[in-house]
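Read through the structure below, which is laid out as structure tokens, and then see the notes.
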Amino acid sequence: MNRHTSSAARLVGTLLIVGIVAVACGRQGASQGAQPSAPVPTAAASAVAPTPTPVPTVATSDAPASPNASDSATPAASYSPPAAADDPVTGEIQSIDQLLNGLNGSLSGSNGGE
Amino acid sequence: MKTRITTIFAGLAVAALLVVSSAAVASAAAPVVAGGPAGTGVCAKESAAIKAGVSIDTLRAFGDCEITRRLTTLDAAAAKISASKALTSSDAAALSAEVAWTKSGLTALKAKIDAETSPVALRAEIRQVVTDYRVYLLVVPKVNLVNGADAVQVANATFAKISTNLTARIAAAKAAGKDTTAAQADLDAMNAAATQAVGLAAPLPAALLPLTPAQYNAGTAGPVIKNARTALVQARGLLQSARKDAVACRDALK
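Protein chains in written order, with this note's numbering: chain A, 11 to 124; chain B, 1475 to 1728.
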């Protein structure tokens, strides 16, 4: 009888310990879950970090630093596109936009119910 | 937990912004009804009066209202023709003449209706408001579609300027040792789309301008107008595509 009582007490004790551990783990998990943003900056930082790297890569590929020395000597007339504000193509594209708006108006006219 | 709540609130705020902005876009994109007061609702009161009791007065009031709303629409069409930067002078002249002729005819018909004493003759004259002029099914679509077709021609001229500019830019970039393959492909696509758009739009004024109310009544003008609208919608799509190609070409050369 005493054996039964003591084993029952042990079982209850074990369950209590398991319960306390489970609650403690749950809280810790919740406090970790409250920081889901932590990996985001890490990911963002890793995404941002490489961006400076390609810039010099592009710059070096633009500059004819190839082993072919004659290539680098060829472009005597260097190419420089006009600045966005002064670009006549941009102005002409804006004219196209206006024409397209007018065309939309012409196509959306109602028949007015004859 | 706090972060989750913040995320949920941020999500709700973005959703609310999207709802508000989409409503604004929807209202901004609402089609403009060209040509002034349109729809049979304008003369609904006069129409209801006829149903309540046919008399010379109710018939005349209805006829006058239908003519007045057409005259208002024609004034708006005339203003559109005058303000158009796309219409060629000959197309503008032809459309202006048609609008003026229609206004003159309707004004004369109104005088006839106002002086009419026979209910039978009055009914026939009211029918003529529609069948002799076809303001909404023929005149207004002609103004809109011819204006649109001429706008495609103007757009093509602008694309030609863009093409000249970008061609020179490609040549300069190529001379400087830059790879211009993508830019050249974009330019070729732009030129092809603009040419195709003009091919669709160019024949439209000649097909539309001679159409008469009698041809509409006979059923021959309606399909021409429908086909012209379809061609113009296709031409618009091609111009939009050409515009994208122009931007891509310009950006590829930066």
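For each residue, glycine too, the CB sits at the ideal point set by N, CA and C.
From the options, pick the residue whose C-alpha is nearest to that of residue i; which is it?
i	options	result
B/Val1604	B/Pro1687, B/Asp1719, B/Gln1714	B/Pro1687
B/Val1679	B/Arg1608, B/Ala1705, B/Phe1633, B/Thr1641	Reading the sequence as shown, one finds Pro at residue 1679 of chain B and not Val. Selected option, being the one with the closest Cα: B/Ala1705.
B/Asn1701	B/Asp1660, B/Ala1642, B/Pro1615	B/Pro1615
B/Ala1595	B/Glu1520, B/Ile1699, B/Gly1537, B/Gln1627	B/Gly1537
B/Lys1453	A/Glu124, A/Gly115, A/Val99	Residue 1453 of chain B lies beyond the residue range present for chain B, which begins at 1475 and ends at 1728; the question has no answer from this structure.
B/Tyr1610	B/Ala1695, B/Thr1547, B/Gly1693	B/Thr1547
B/Gln1627	B/Arg1534, B/Arg1703, B/Val1672, B/Ala1709	B/Val1672
B/Ala1571	B/Ala1552, B/Ala1582, B/Asn1618	B/Ala1552
B/Val1620	B/Ala1720, B/Thr1641, B/Leu1674	B/Leu1674
A/Ser90	B/Asp1606, B/Leu1545, B/Ala1649	B/Ala1649
B/Ala1550	B/Thr1655, B/Lys1577, B/Gly1693	B/Lys1577
A/Gly115	B/Leu1685, B/Val1707, B/Ala1720	B/Val1707
B/Ala1695	B/Leu1713, B/Pro1593, B/Tyr1607	B/Tyr1607
B/Lys1668	B/Lys1525, B/Ser1529, B/Arg1703, B/Leu1713	Per the sequence shown, the amino acid found at residue 1668 of chain B is Ala instead of Lys. Comparing Cα positions, the closest option is B/Leu1713.
B/Ser1529	B/Asp1653, B/Trp1575, B/Ser1592	B/Ser1592
A/Ile103	B/Trp1575, B/Ala1629, B/Ala1567, B/Ala1566	B/Ala1629
What does residue i touch in chain A if you count any residue whose Cβ is under 7 Å from its own?
i	result
B/Val1721	Ile103
B/Lys1728	Pro91
B/Ser1640	Residue identity differs from the one stated: residue 1640 of chain B is Leu in this sequence, not Ser. Going along chain A in sequence order, the residues near B/Leu1640 (Cβ under 7 Å) are Val99.
B/Lys1652	Tyr89
B/Val1628	Leu109
B/Ala1647	Tyr89
B/Arg1643	Pro91
B/Arg1597	Within chain A, no residue comes near B/Arg1597; the closest Cβ sits about 17 Å away, beyond 7 Å.
Using a Cβ cut-off of 9 Å, pull out every chain A residue sitting near residue i, in sequence order please.
i	result
B/Ile1636	Pro98, Val99, Glu102, Ile103, Ile106
B/Asn1618	Gly115, Ser116, Leu117, Ser118, Gly119
B/Ala1625	Leu109, Leu110, Gly112, Leu113, Ser116
B/Thr1632	Glu102, Ile103, Ser105, Ile106, Leu109
B/Arg1724	Pro91, Asp97, Val99, Thr100, Ile103
B/Val1604	Glu124
B/Arg1717	Ile103, Ile106, Asp107, Leu110
B/Arg1534	Within chain A, no residue comes near B/Arg1534; the closest Cβ sits about 20 Å away, beyond 9 Å.
B/Arg1601	Result: empty, since nearest Cβ-Cβ is about 12 Å, beyond 9 Å.
Roughly how many whole angstroms lie between the Cα atoms of residue i and residue j?
i	j	result
B/Gln1670	B/Leu1569	26 Å
B/Ala1598	B/Ile1587	10 Å
B/Leu1683	B/Val1613	9 Å
B/Lys1584	B/Arg1543	12 Å
B/Ala1676	B/Ser1558	17 Å
A/Val58	B/Ala1722	The predicted model places A/Val58 with a pLDDT of 37, which falls under 50 and marks its position as unreliable, so this point remains unresolved.
B/Thr1632	B/Tyr1690	35 Å
A/Ala93	B/Ile1644	16 Å
B/Arg1601	B/Glu1540	10 Å
B/Ala1646	B/Asp1624	34 Å
B/Asp1531	B/Glu1590	10 Å
A/Gln45	B/Asp1725	The predicted position of A/Gln45 is uncertain, since its pLDDT is 39 and thus under 50; no value can be drawn from it.
B/Gly1651	B/Asp1660	19 Å
B/Leu1727	A/Leu117	34 Å
B/Ser1564	B/Gly1527	48 Å
B/Ser1521	B/Leu1533	8 Å
B/Ile1555	B/Val1573	10 Å
B/Val1698	B/Asn1618	14 Å
B/Ala1657	B/Ala1681	37 Å
B/Arg1710	B/Thr1562	19 Å
A/Glu124	B/Val1516	12 Å
B/Ala1720	B/Thr1581	49 Å
A/Asp107	A/Asp96	18 Å
A/Gly101	B/Gly1579	44 Å
B/Ser1715	B/Asp1653	23 Å
B/Gly1693	B/Leu1685	11 Å
B/Ala1642	A/Ser105	20 Å
B/Trp1575	B/Leu1545	11 Å
B/Thr1655	B/Ala1567	46 Å
A/Arg20	A/Ile27	10 Å
Return the Cβ separation of residue i and residue j in integer angstroms, given the expectation that the two are a contact with Cβ distance under 8 Å.
i	j	result
B/Gly1622	A/Leu113	5 Å
B/Ala1518	B/Ala1535	So it is not a contact: roughly 12 Å between Cβ atoms.
Whose Cβ in chain A lies nearer than 8 Å to the Cβ of residue i?
i	result
B/Gly1622	Gly112, Leu113, Ser116, Leu117
B/Ala1560	Leu109, Gly112
Validate contact between the region 1662-1676 of chain B and the region 1626-1644 of chain B using beta carbons, cut 8 Å, 3 pairs: Short answer: they touch.
The region 1696-1715 of chain B: positions lying closer than 9 Å to chain D by Cβ: Reference to chain D is not applicable here, since the protein chains of this structure are A and B.
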